[in-house]
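Engineer: Before I ask anything, here is the structure I am working with.
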Amino acid sequence: MGWMGRRTASDGNSAAYERLPDDGEDRPAIRSQPGRSFVSTAKRYLVIITVFAFVALVISVVVPKRPDVRYVCTMFDGVHLDRSHAPYFYVSFKTFARVSNPNFYRIGLLQVDVDIVHWDDKIAQSSMEPRGFSARSTSVELIRTNASDFSASALQSLWKDMQDGIVTIELRGKARARVFAHEWRYTIANEYVHLNLSSWDVPSSSTREPCPPVDYKPTL
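Shown next as structure tokens:
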């Protein structure tokens with residue numbers, strides 16, 4: 001390799017040369033700054049995560065997960081006097097439904113209706129008030145039913161069953177849930193429940209859970 005240099009002034013009149021590297025020689029590499037490289041990488045990953053989260057949010061809104069509404073049990077809640085009108089008493093039931101919201105945002109349950117039928121006679125109808133359910137939550141809801149509008153045949157057969165200590169009723173329920181523009185309908189059909197009037201904590205024949213369920217939290 002040749003010698004390249006430039007002349008510099010030194011003590012006296014003597015000339016001195018400062019060596020400069022040839023084009024063929026390796027020049028010292030410019031060292032990268034670790035802090036600047038880390039910030040650049042972090043920004044790149046932040047953009048990727050933000051885009052992914054936005055796409056996931058759009059998909060969850062456009063295609064939300066179906067809420068789960070299931071019948072749990074029904075229990076007898078006593079015979080109560082009602083002097084305001086004939087037949088001067090009503091029969092009270094408690095129906096429990098378990099509602100699960102798998103989405104990560106609040107949903108609205110529009111309505112839960114329960115018809116109670118005894119020997120083909122509709123003896124009661126009740127509805128749960130529309131309400132919202134928190135994100136990723138599961139709760140047991142209570143639907144109270146007071147049966148008082150009996151036909152003559154329903155009253156006679158119901159009274160006979162009460163004397164035997166067991167009342168067999170049929171539940172016909174329906175519900176509606178809504179998430180943004182999506183709406184689902186649920187049906188409970190031909191759900192037969194045998195109510196033991198002498199032991200109210202006995203679970204019905206259609207479920208192995210105790211009634212009310214252990215995860216039911218009464219609203220204060």
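Sequential numbering from 1 applies to the sequence shown in the UniProt record's numbering. All C-beta atoms, glycine included, are put in the ideal place defined by N, C-alpha and C. Predicted model only: the values in this text are computed from it and were never measured.
1. Mind reading off the beta-carbon distance from alanine 175 to isoleucine 107? Whole number of angstroms is fine, and I expect it under 8 Å.
2. On the three-state DSSP scale, how would you describe glycine 5?
3. Going by DSSP, name the residue or residues bridged to glutamate 191.
4. Round the Cβ separation of valine 117 and arginine 66 to the nearest angstrom and send it over; I've been treating them as touching at under 8 Å.
5. Do valine 167 and threonine 74 count as a contact pair if the criterion is CB distance below 8 Å?
6. Whose C-beta lies closer than 6 Å to the C-beta of valine 140 among residues of the same chain, with five residues either side of it excluded?
7. Check whether the Cβ atoms of aspartate 113 and lysine 94 sit closer than 8 Å, and answer yes or no.
8. Am I right that threonine 145 and serine 126 are in contact with their C-beta atoms under 8 Å? What's the rounded C-beta distance?
9. Rounded to whole angstroms, what's the CA-CA distance from histidine 80 to glutamate 209? Just pull it up for me.
10. Where do the ends of the alpha helix (DSSP H) carrying serine 157 lie?
11. Spell out the partners DSSP gives asparagine 101 in its beta bridges.
12. What does DSSP give as the partner residue(s) for aspartate 115 in the beta ladder?
Structural biologist: By the coordinates alone:
1. For the purposes of this step, residue 175 is taken as residue 175 along the sequence shown, with counting starting at 1. For the purposes of this step, residue 107 is taken as residue 107 along the sequence shown, with counting starting at 1. Taking a contact as a CB-CB distance under 8 Å, the pair alanine 175 and isoleucine 107 does not count as one, their CB atoms being some 12 Å apart.
2. Against the sequence shown, residue 5 aligns to sequence position 5. Residue placement at glycine 5 is poorly supported in this model, since its pLDDT is 49, which falls under 50; the coordinates still yield a value, given next. Secondary structure at glycine 5: strand, using DSSP grouped into helix, strand and coil.
3. For the purposes of this step, residue 191 is taken as residue 191 along the sequence shown, with counting starting at 1. According to DSSP, which records beta bridges pairwise, glutamate 191 is partnered with Leu171.
4. Working through the sequence shown from its first residue, we reach residue 117 at position 117. Working through the sequence shown from its first residue, we reach residue 66 at position 66. In fact, because the Cβ distance is near 28 Å, the residues do not count as touching under 8 Å.
5. As a working note, residue 74 is residue 74 in the sequence shown. As a working note, residue 167 is residue 167 in the sequence shown. No, they are not a contact pair.
6. Mapped onto the sequence shown, residue 140 falls at position 140. Cβ neighbours of valine 140 beyond the five flanking positions: Phe96, Arg98, Pro213, Asp215, Tyr216.
7. Taking the first residue of the sequence shown as 1, we reach residue 113 at position 113. Taking the first residue of the sequence shown as 1, we reach residue 94 at position 94. No; because the gap between Cβ atoms is not below 8 Å, this pair is not in contact.
8. Indexing the sequence shown from 1 puts residue 145 at position 145. Indexing the sequence shown from 1 puts residue 126 at position 126. Right, the Cβ-Cβ distance comes to about 4 Å (below 8 Å), so this counts as a contact.
9. Working through the sequence shown from its first residue, we reach residue 80 at position 80. Working through the sequence shown from its first residue, we reach residue 209 at position 209. C-alpha separation (whole angstroms): 26 Å.
10. What you label residue 157 is simply residue 157 of the sequence shown in a count that begins at 1. Serine 157: member of the alpha helix (DSSP H) spanning 152–164, first to last residue.
11. Here residue 101 refers to the residue found at position 101 when the sequence shown is read from its first residue. The partner list for asparagine 101 (beta bridge, DSSP) reads Ser137.
12. Numbered from 1 along the sequence shown, position 115 holds the residue referred to as residue 115. The partner list for aspartate 115 (beta bridge, DSSP) reads Gln125, Arg172.
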